[in-house]
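There are 2 protein chains.
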Amino acid sequence: MKYSIAIHGGAGTILRSNMTPKKEIAYTAALQNALAAGSQILAKGGSALTAVQAAVVDMEDCPLFNAGCGSVFNKEGQHEMDAAIMCGKSLASGGVAAVQNVKNPIVLSRLIMEQSPHILLCGAGAKMFAQQQQLPLMSNDYFDTQQRLQQWQKIKHSSKIQLDHSDNAEEENKDDNKPESANENHKMGTVGAVACDVNGNIAAATSTGGMTNKLAGRVGDSPLIGIGNYANNATCAVSCTGKGEVFMQYLVAYDLACLMAYKGMSLQAACSYLVHQKLPQGTGGLIAVNAQGEIALPFNSKGMYRAWKVRQEDGIVAEGIGIFKED
Amino acid sequence: MKYSIAIHGGAGTILRSNMTPKKEIAYTAALQNALAAGSQILAKGGSALTAVQAAVVDMEDCPLFNAGCGSVFNKEGQHEMDAAIMCGKSLASGGVAAVQNVKNPIVLSRLIMEQSPHILLCGAGAKMFAQQQQLPLMSNDYFDTQQRLQQWQKIKHSSKIQLDHSDNAEEENKDDNKPESANENHKMGTVGAVACDVNGNIAAATSTGGMTNKLAGRVGDSPLIGIGNYANNATCAVSCTGKGEVFMQYLVAYDLACLMAYKGMSLQAACSYLVHQKLPQGTGGLIAVNAQGEIALPFNSKGMYRAWKVRQEDGIVAEGIGIFKED
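If you're matching them up, the sequences are chains A and B in order.
As numbered in the numbering used here, residues 0 to 326 make up the first sequence, in order.
As numbered in the numbering used here, residues 0 to 326 make up the second sequence, in order.
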């Protein structure tokens, strides 16, 4: 019995010098819970697809992460969420963009994959489909966390939306000595999971509230198959977290698969080249797994909330949790 | 002075035996007009980006094509449109998904690219951005063409939406002997343009009304960078037309670029492999150009509305229009 799972809770300017012990304990526990939600399914012989969904649902229901109930506010003071899921065995996938009120966008993504003729639904249409599928809808204030409200209130009257996003790289470097709270807006708070099950099938799931103060209707990389999320047994399953528009320009998830398929690179070599050489530095990271159960969790930002568990055929288990670069 | 442009008006079950002379004349004239709109800009030394936008605007304003004013009806009887544009020199891009009332979604895509911090906006948020940018909005009936209404009315009460889409390949083969009207729903009516300008810069633009009776909020491949539309001076500019969900699964536009970049394939060889060997047959086609001005217009469906013009350095011009496979 051999399986692997890796999860992330977002990347960004996450520095030990800015982290309080209390906050570190909370994030560590949240990552442990999400990892357990997924790995328990794998340990019982469940599918990678079900495992990644369970891990992401757990993080969507945790207010610490920018997904589900912890989603950020957009320019209109609303919560619009993106998510996607993909099965590496069948290449079936589903995604949802800029959807409001849906408690678990990753569950909606799975339903779009399995119960609709389409791959991606957005906005009001996506919410209508959720209602038809009898998914729980929550009022807007379910998603109103105090931390996210403060983040938004600081910049909601800013006329520099464009600068807020496009100059992040510079600002992140400048902001290294500022307290954590000042850097909150520069976090790339997506959550995601990738897994390889006992049958050697792989899957990926990703969910996010996007960027604070984003324009209404903005779609990031997370819900887009081959951009923020991708799975193919022949190459890899991958979930990205970072500056969405940069990841969209580089088609990061599918590029990783192409580096493996067309250049013959290993998972590790392709991840290292893509994240540390090809992508602009400071833009984020990803988690990936292949059908042999190998995992990679590279990032080029200051930190990335992450956890992993690999069970080998001989019973040896390697697991860990990381937040900062040095972890 | 050397430049190239190729345009398409959709692929599908388009057979000479089903085409009336009157209809063929109308489509030929429409393709000529759109080609002229783009090539006139290139001949004056204008950019590939401006040329592909002009060609697509022309097709959006022509009711014969499923884009802009000729957009199909969705399940709710509405017109929701997708579009994207990308510059191969800067890798900047913009797209719009499931937007209503906007006369020219390709113009909105260009504004999202140049005037927003984002790449992709969808639904009500995209329309709000169009209003802020003072783009012309049209009432729903501007998009109500008689042909599209009839198509929708035939299937709007169907409970087989899924089958209508997922079994297209079989149906297309079965339907070869049926009159054209019976096959209308199986057309993949996207429009698009790719161009290489006198400076060797390339660009791609794509626009569509999607599929008749699609669910509200459905996003196809057209507005997604690297899927239905992509441009990079280092490889190619490409605009796809076909079964959106199949093109999404195969990441067709970026896959073409990766076959060239990572496998070292020529534009022609990569197009041929991708469209005729890798993609399921009967799913559509694409138009592509590289920075040397070479063009390709491969498709694996019965037909594809298409036109092209290539001006060599020695002044020789090659141009043509095609509808059927044998053209």
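Just so it is clear, CB atoms sit at the ideal spot from N, CA and C, and this is done for glycine as well.
The structure displayed is predicted, hence computed values, not measured ones.
Annotation: the continuous beta strand (DSSP E) that includes TYR229/B extends over 228-230. Contact annotation, TYR261/B with TYR253/A: C-beta distance approximately 12 Å; criterion of less than 8 Å not satisfied.
A straight line joining the alpha-carbon of ALA233/B with that of MET18/A spans about 43 Å. Judged by their CB atoms, GLN52/A and ALA230/A are not nearer to each other than the 8 Å cut-off. For TYR141/A, there are no neighbours in chain B by C-beta distance under 7 Å, as the nearest C-beta there is about 21 Å away. TRP307/A is bridged by DSSP to ALA5/A and GLY319/A.
If only complete runs of 4 or more residues are kept, the region 231-312 of chain A shows the alpha helix (DSSP H) at 243-249, 251-262 and 266-271, in order along the chain. Taking every protein chain shown into account, the CB of ALA317/A has fewer than 16 other CB atoms within 10 angstroms, so this residue is exposed.
When DSSP assignments are scanned along the region 42-96 of chain B, the uninterrupted stretches of alpha helix (DSSP H) that are 4 or more residues long and fall wholly within it turn out to be 47-59. With 16 or more other Cβ atoms inside 10 Å of its own Cβ, ASN200/A counts as buried. Under the Cβ distance rule, GLN248/B counts among the residues neighbouring chain A, one pair being separated by less than 8 Å. Segment contact: the region 133-145 of chain A against the region 100-108 of chain A, three or more CB-CB distances shorter than 8 Å; contact assigned. Bridge pairing for ILE224/B: ASN228/B [DSSP]. Contact annotation: GLU59/B and SER221/B have beta-carbon atoms that are not nearer than 8 Å. In the DSSP assignment, ILE40/B is bridged to no other residue. Closer than 8 Å to the CB of HIS117/B there is at least one CB belonging to chain A.
At a cut-off of 8 Å, the C-beta of LYS277/B has no neighbouring C-beta in chain A. Chain-ordered listing is empty here: chain A has no CB closer than 8 Å to the CB of CYS270/B, the nearest sitting near 16 Å.
Counting along the chain, no beta strand (DSSP E) covers SER108/B; the unbroken alpha helix (DSSP H) around it starts and ends at 104-114. Against chain A, the beta carbon of GLU244/B has neighbours under 7 Å at HIS117 and ILE118, listed in chain order. Taking 8 Å as the CB threshold, LYS213/B lines the interface with chain A.
Interface flag for PHE128/B against chain A is set, since a Cβ pair is found closer than 8 Å. Contact between the region 2-12 of chain B and the region 303-314 of chain B is present: 3 or more CB-CB pairs across the two stretches fall below 8 Å.
In the structure shown, the three-state DSSP call for LEU136/A is strand. Annotated three-state conformation of LEU119/A is strand, per DSSP. Around the beta carbon of ASN73/A, 16 or more other beta carbons lie within 10 angstroms, which makes this residue buried. When beta bridges are read from the DSSP output, GLY11/B appears opposite GLY302/B. Each of ASP196/A, CYS86/A and TYR272/A was checked against the Cα of SER238/A, and the nearest Cα belongs to CYS86/A.
Judged by their CB atoms, ALA287/B and VAL197/B are not nearer to each other than the 8 Å cut-off.
As a beta-bridge residue in DSSP terms, GLY191/B pairs with HIS7/B and THR205/B. Proximity to GLN291/B across GLY209/B, GLY37/B and ALA236/B peaks at ALA236/B, based on C-alpha coordinates.
Taking 7 Å as the cut-off between beta carbons, the residues of the region 94-124 of chain B near chain A are ALA96, ALA97, SER115, PRO116, HIS117, ILE118, LEU119, LEU120, CYS121, GLY122, ALA123 and GLY124, in sequence order. Taking all protein chains in view, the Cβ of ASP81/A is crowded by 16 or more other Cβ atoms within 10 Å, so the residue is classified as buried. Around GLY219/B, the same chain offers ASP81, GLY209 and GLY243 as residues with beta carbons nearer than 6 Å, after the five sequence neighbours per side are excluded. Within the region 257-269 of chain A, contact with chain B at the beta-carbon level (separation under 8 Å) is assigned to CYS257, LEU258, TYR261 and LYS262.
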